[in-house]
Amino acid sequence: MENIIQSIREGGYASAKARQFTESVIREMSRIAAAHNAINLAQGFPDFPAPEAIKQAAIKAVNEDNNQYAITWGTKGLRDAIAAKVERDYGVVIDPERQLTVCCGATEGMIATLLATVNPGDEVIIFEPFYENYGADVILCGAIPKYVSLTPPEFNFNREELIAAFSDKTKAIIINTPNNPTGKVFNREELELIAELCIKHDVLAINDEIYEHILYDNTEHIPLWTLPGMADRTIAVNSVSKTFSVTGWRIGYVQASAEITASVRKVHDFLTVGAAAPLQVAAAEAFNFGADYYAELAGFYSERRDYLLNALEKVGFKCVRPQGAYYIMADITPFGWDDDVAFAKYLTSEIGVAVVPGSSFFRPESTAGKTLIRFCFCKKFETLTAAADRLAKLIVK
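All residue numbers for the sequence shown refer to the UniProt record's numbering, where the first residue is 1 and numbers rise by one.
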C-alpha cells in the first residue's frame, strides 16, 4: 500500500508504465504542422486518393448492410483472401481458420501480439532506430526492451552486438523490414543470423511487414517465417494501410501458428472486439489485386523517393537512400544544427515543412538521433515540389 501511495504522490494518477514513454511524436508533429499551415512530410499518410476499386468496394459493403459485428478475429472472406495472397506471393499455405487474426491496424496487431506472448520481466530485442510504438508496447507488457543499433549509412547491425543481446531472459525480437524510419530492408544473411539465434535461444520473432510491397532498386523482401525452422516461431504483423493507401481504415492482421494465434485472438477480443466490418469486406477485394498493382505501387513511390532525395541533397542535407518503405532519414549537421527537436520545430514554423525529429526513433537516453530528421514522401508530386520550394530557403553554414 505504501508503494501505491508513493507512486500516486510522485506521478499523480499516471501509471509507472505510462510515465516511461511520451505521446507519439509523429502524431504531435502533424498537429504542429496544422497549427503553422506547414506541408506535412512528418506523418506517413498519403494525401492522394485510395484506389477507386477499394473505395467502391467499401461503399458497396456498407450499402449491403455489412454494418454489424464481424467474427471477432475477422470476416471469413478477408481471412481467405489474405491466405490466398500469402500462397500466391510466397508459396506458403496457411490456415485462415486457425492462423490469422484481423485487428484494428498493425498498431493493435503489435500490442495484441506482445500482450499474448510476453510476460513481465521478459526481455524483447528491438533494433534501433525503431518505429516509436515498439518501445512503448514492450513497456506496456511489463517487459524490458533490449536495443541493438542499426548504424548509418547502411543501417546494418553489428553481428557480435546482436549475439550478445540474446540471453535466457530473451522472449522475443522485433524485426521491421522494410524498415521505418530508415528504409533498410534486411537481407538474407542478416535474417539467417536472426533465425539461427531465435532457434538457439527459443525466442519468438515478431516481423512487422507493413511495407512489404514498397521496395526499390530490385531489393527483395524475405519474410522471416519462410526461413527453415521459423514458421512456428515467427509472428507476422501486417496491414492494408500502406499497400492500399487507406491508413484511416485501421485494418491489420496477425499471421502466426495456430497455438500463438489462439493467444493473440483472446487478447485482441478484449482489446477491441473487432475491426470495422464493411472495411474488412472491402479489404478482401483489395487482396485480389494482381501483381501489376504491386509493381505500379513500387514504381509510383520510387519516382517520389528519387525526386525528394534529389531535392534534399540539392539543399544540403546528407541523406540515406532507402531500399524500401517511404521515408528518408537526413542529417541536419550541414546546417549547423545539433538539436533535432529544435530544428524540426524551426522547419515547421519558419520554413513551412513538418518532419519528425530523429530522436523519437531512439531510446530516451540515446543521443544518436539528435542530428537526424525523417521526411516521408507518400505525397502528391505537387506536395513534394511545394515542399522543395520552401526548403530551398534553408542555408548551409
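Glycine residues also receive a C-beta, built at the ideal position from the N, C-alpha and C atoms. It should be emphasised that the depicted structure is a prediction, and the values quoted were computed from it without experimental measurement.
Supposed contact pair residue j and residue i - C-beta distance, whole angstroms, cut 8 Å
i, j, result
"residue 41", "residue 74", "So it is not a contact: roughly 33 Å between Cβ atoms."
"residue 401", "residue 122", "This structure does not reach residue 401, given that the chain is present from 1 up to 397, and the question cannot be answered."
"residue 181", "residue 327", "5 Å"
"residue 282", "residue 81", "Not really, about 11 Å apart at Cβ, beyond 8 Å."
"residue 349", "residue 36", "5 Å"
"residue 294", "residue 213", "4 Å"
"residue 133", "residue 170", "That pair is no contact at about 20 Å."
"residue 277", "residue 68", "6 Å"
"residue 323", "residue 217", "7 Å"
"residue 388", "residue 311", "4 Å"
Secondary structure of residue i, DSSP reduced to three states
i, result
"residue 86", "helix"
"residue 341", "helix"
"residue 329", "strand"
"residue 220", "coil"
"residue 261", "helix"
"residue 19", "helix"
"residue 266", "helix"
"residue 215", "strand"
"residue 334", "helix"
"residue 475", "The displayed coordinates of the chain run from 1 to 397. Any statement about residue 475 would go beyond what the structure contains."
"residue 30", "helix"
"residue 253", "strand"
"residue 200", "helix"
"residue 324", "strand"
"residue 210", "coil"
"residue 361", "helix"
"residue 366", "coil"
"residue 278", "helix"
"residue 236", "strand"
"residue 375", "strand"
"residue 157", "strand"
"residue 48", "coil"
"residue 144", "strand"
6 Å CB neighbourhood of residue i in its chain, flanking five on each side removed
i, result
"residue 4", "Note that residue 4 has pLDDT 37, beneath the 50 cutoff, so the model's placement of it is unreliable and no number is given."
"residue 138", "124, 145"
"residue 250", "104, 105"
"residue 79", "96, 100"
"residue 165", "125, 146, 148"
"residue 228", "none"
"residue 346", "none"
Nearest candidate by alpha-carbon position, reference residue i, set the options
i, options, result
"residue 104", "239, 43, 97, 180", "239"
"residue 244", "231, 46, 275, 110", "46"
"residue 224", "206, 241, 218, 216", "206"
"residue 178", "171, 172, 191, 80", "191"
"residue 226", "215, 257, 200, 219", "257"
"residue 113", "260, 344, 361, 336", "260"
"residue 159", "194, 175, 183", "194"
"residue 135", "364, 345, 323, 395", "364"
"residue 319", "24, 126, 153", "153"
"residue 173", "201, 155, 189", "201"
"residue 314", "53, 395, 269, 272", "395"
"residue 220", "17, 184, 393", "184"
"residue 284", "85, 63, 155, 110", "85"
"residue 89", "345, 392, 291, 332", "291"
"residue 83", "368, 253, 296", "253"
"residue 98", "119, 265, 110", "265"
"residue 321", "155, 392, 188, 270", "155"
Neighbour flag for residue i against chain D, beta carbons, 9 Å
i, result
"residue 344", "Given the protein chain composition of this structure (a single chain), no chain D is represented."
Proximity below 9 Å, CB of residue i to CB of residue j
i, j, result
"residue 115", "residue 237", "no"
"residue 150", "residue 128", "yes"
"residue 255", "residue 77", "no"
"residue 186", "residue 222", "yes"
"residue 130", "residue 361", "yes"
"residue 26", "residue 274", "no"
"residue 343", "residue 334", "no"
"residue 230", "residue 199", "yes"
"residue 286", "residue 54", "yes"
"residue 289", "residue 51", "yes"
"residue 297", "residue 330", "no"
Residues near residue i in its chain [Cβ-Cβ closer than 8 Å; skip 5 each side]
i, result
"residue 390", "39, 351, 352, 353"
"residue 380", "47, 48"
"residue 263", "116, 117"
"residue 424", "Not covered by the structure: residue 424. The range shown for the chain is 1 to 397."
"residue 247", "44, 45, 46, 241"
"residue 301", "214, 216, 326, 377, 378"
"residue 272", "103, 104, 108"
Beta-carbon proximity list for residue i, same chain, < 7 Å, skipping 5 on both sides
i, result
"residue 93", "87"
"residue 339", "370"
"residue 28", "none"
"residue 33", "40, 42, 348, 354"
"residue 21", "135, 136, 139"
"residue 233", "198, 204, 205"
Cβ-heavy atom distance, residue i to the ligand NAD, below 8 Å
i, result
"residue 252", "This structure lacks the ligand NAD; in fact it carries no ligand of any kind."
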